[in-house]
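*Asks:* Below you'll find the structure I mean.
Number of protein chains: 2
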Amino acid sequence: MENQKSHCPINLSLEIFGDKWSLLIIRDMMFAGKRYFRELLQSDEKIATNILTDRLAMLELKGIISKAADPNHKLKYIYSLTKKGIELLPILAAIGTWGMKHEPYDTSIPSHAKKIMKGGKPVLDEMKKHLAKQHLKSK
Amino acid sequence: MENQKSHCPINLSLEIFGDKWSLLIIRDMMFAGKRYFRELLQSDEKIATNILTDRLAMLELKGIISKAADPNHKLKYIYSLTKKGIELLPILAAIGTWGMKHEPYDTSIPSHAKKIMKGGKPVLDEMKKHLAKQHLKSK
DNA sequence: AGAAACACTTGCATTTTGCAACTATTCAAT
DNA sequence: ATTGAATAGTTGCAAAATGCAAGTGTTTCT
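Heads up: the protein sequence lines correspond to chains G and A, in order.
Heads up: the first sequence at position 134 corresponds to 133 in numbering that gives the first Met the number 0, and the numbers run straight through without jumps.
Heads up: the second sequence at position 69 corresponds to 68 in numbering that gives the first Met the number 0, and the numbers run straight through without jumps.
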């Protein structure tokens, strides 16, 4: 388990979410409000079930998300961002901002996403508060 | 070549640098001032030569770095960040900040790195100016 | 009672990564 | 001028990660 290449903070971070899928999962939880396995499966990028299973388990292990039984449905589990996960928001925002500036993105993207990317710190703080409300309820 | 999973700006960005190595290479160019193949090979994370070759070519293709013959040494090539590459700085800084907060990093890390991470926008702007001077000289 | 929804699991093919040895050219020292 | 080290890679193969399609065992819905 402890097999890290170095103790540089950037490397340690990338060993957690430096792959093709982890940040996309976080993105969908943050910006699209997805909370269930089936919802996360519906992304445009078409993640496979085994990969999604694997990543959710890893993200939970790393303390970025938590998993709880859905009180209303015995087959469903609800995934939540932890505080540590919510604090990935500035990273996602920076990546989104960079992508919007430098890559030919789909302009039919949710307009609130644009606002979040362009809105700067105040909008981000608001967003963070909102996420805390949605995800950190219990405990 | 054009085989992207979606046109979401975050996904487009991650299709470029959403792997274990690309951002580490950028990190070394930005924060450690590395400009040569051999220098980039010396990271703590021990990247293999074939992977480094592959990533440098990809990053050049994507317009994030540029490659030029070293005027003083016929075997050496000097790699530079482009404007597009320099603008990855906020992403690296956000990742570094997150890692320092949430993972047990090596405290013997270069102290200027800590300053950059913690210094906020003014320090980042200064850093950006410095990088532009070092990397965008010619042209 | 039967069908659909749910969160996975499994097996296999493909792709990516990692490792170690090797190459061809150029530089630097004798 | 010759030799050895340094340069930026290649190459071939093994290991790991990813991708794909089908299957599993409950639970919920109709």
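Where is the CB? At the ideal position from N, CA and C, for every residue including glycine.
Compare the C-beta of MET28 (chain G) with all C-beta atoms of chain A and state if any pair is closer than 8 Å.
*Replies:* Output row for MET28 (chain G): interface = no.
*Asks:* Tell whether a beta-carbon distance below 8 Å holds between GLY98 (chain G) and PRO8 (chain A).
*Replies:* Taking 8 Å as the Cβ cut-off, GLY98 (chain G) and PRO8 (chain A) qualify as a contacting pair.
*Asks:* Rounded to whole angstroms, what is the Cα-Cα separation between HIS129 (chain A) and LEU58 (chain G)?
*Replies:* Going from the Cα of HIS129 (chain A) to the Cα of LEU58 (chain G) covers about 36 Å.
*Asks:* DSSP beta-bridge partners for SER79 (chain A)?
*Replies:* SER79 (chain A) pairs with A:SER65.
*Asks:* Suppose you measure from the CA of ASN10 (chain A) to the CA of GLN133 (chain G); what does that come to, to the nearest Å?
*Replies:* Cα-Cα distance, rounded: 24 Å.
*Asks:* Can you find the residues in the same chain that come closer than 7 Å, C-beta to C-beta, to GLY84 (chain G), ignoring five residues on each side of it along the sequence?
*Replies:* Closer than 7 Å at Cβ, skipping near neighbours: ILE25, ILE63 and ILE64.
*Asks:* Cutting at 8 Å between CB atoms, please list the residues of its own chain near LEU22 (chain G), excluding the five before and the five after it.
*Replies:* PHE16, LEU87, ILE90, LEU91 and ILE94.
*Asks:* Roughly how many angstroms lie between the CA atoms of GLN3 (chain A) and LYS136 (chain G), to the nearest whole one?
*Replies:* Roughly 37 Å separates the two Cα atoms.
*Asks:* Assuming LEU23 (chain A) is part of the alpha helix (DSSP H), what are its boundary residues?
*Replies:* Segment 21-30, the alpha helix (DSSP H) holding LEU23 (chain A).
*Asks:* Could you spell out where the alpha helix (DSSP H) holding LEU130 (chain A) opens and where it closes?
*Replies:* 119-134 is the extent of the alpha helix (DSSP H) around LEU130 (chain A).
*Asks:* Here's the rule I'm using: 16 or more other beta-carbon atoms within 10 Å means buried, otherwise exposed. How should ARG54 (chain A) be labelled?
*Replies:* By the 10 Å Cβ count, ARG54 (chain A) comes out buried.
*Asks:* When you compare only the Cα positions, how much space is there between HIS72 (chain G) and ASP43 (chain G)?
*Replies:* Distance between the alpha carbons of HIS72 (chain G) and ASP43 (chain G): 26 Å.
*Asks:* Find the nearest neighbour of ILE108 (chain A) within the set A:PHE30, A:TYR35 and A:PHE36, judged by alpha-carbon distance.
*Replies:* Cα-wise, what sits closest to ILE108 (chain A) is A:PHE30.
*Asks:* Residues of chain A with CB closer than 8 Å to the CB of ALA68 (chain G), please, in chain order.
*Replies:* Within 8 Å Cβ-Cβ: nothing; ALA68 (chain G) doesn't reach chain A, min ~26 Å.
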